[in-house]
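Asks: Every letter in the sequence shown is one number past the one before it in the UniProt record's numbering, and letter 125, counting from 1, is 125.
After the structure tokens below, expect a handful of questions from me.
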Amino acid sequence: MGEKVAALGLDVGRKRIGVAGCDGTGLIATGLTTIVRSSYDQDIAQIRQLVEARQVNLLVVGLPYTMAGEIGAQAKQVQKFARRLAEKLGLALEYMDERLSSVEAENQLKAQKKFSSYNKGLIDQQAAEIILQQWLDLRRSRLQEEGDHLHR
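Here is the structure:
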């Protein structure tokens with residue numbers, strides 16, 4: 001498992017983008033910031049700064065499926081933005097189902113006594129952390145399975 005993981009998790013909303021990063025080992029996701037969306041170019045510029053500072057090579061973007069598991073209008077908007085972003089920054093792109101990440105984020109923040117319905121940015125940041133953590137856990141279990149198959 002010596003490969004360094006340099007992923008950025010994004011919870012893309014209409015007004016804000018929650019951003020999370022991970023340590024190089026790929027074990028722990030941490031909320032980094034929340035970008036208040038202004039213009040496409042400014043959003044890209046802010047994400048580019050994080051990508052360069054953290055030497056990121058992969059974007060993990062939360063995809064808001066409908067509760068029926070379909071890709072609705074919001075998810076299509078997210079995909080369009082994510083594809084343009086990944087292309088512009090020359091990064092690989094993966095999606096994670098994020099249907100309940102905002103609810104989970106609120107619950108985690110309430111448990112940590114950091115919740116305020118006024119601080120939507122913190123919820124977005126926490127949601128991005130959850131999205132990235134789920135991806136890291138999934139990646140780790142896949143690598144584990146591959147390793148198990150090789151050692152049989």
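We put the CB at the ideal spot given by N, CA and C, even for glycine.
Could you compute how far the alpha carbon of Q125 sits from the alpha carbon of G31?
Replies: Their backbone Cα atoms lie some 5 angstroms apart in a straight line.
Asks: With distances taken Cα to Cα, identify the nearest neighbour of D41 among K88, L138 and Q133.
Replies: Minimum Cα distance to D41 is reached at K88.
Asks: Rounded to a whole number of angstroms, what is the C-alpha to C-alpha distance between G90 and S141?
Replies: Computed Cα separation, rounded: 27 angstroms.
Asks: Have a look at D43 and H149 and give me their C-alpha separation to the nearest angstrom.
Replies: Going from the Cα of D43 to the Cα of H149 covers about 42 angstroms.
Asks: Which stretch, first to last residue, makes up the beta strand (DSSP E) that contains Y95?
Replies: A92 to D97 is the span of the beta strand (DSSP E), which, as asked, contains Y95.
Asks: Are the segment 5-24 and the segment 47-67 touching, with three or more C-beta to C-beta distances below 8 angstroms?
Replies: Counting Cβ pairs under 8 angstroms, three or more are found: they touch.
Asks: According to the Cβ coordinates, are V78 and V12 closer than 7 angstroms?
Replies: Result yes, Cβ atoms of V78 and V12 sit closer than 7 angstroms.
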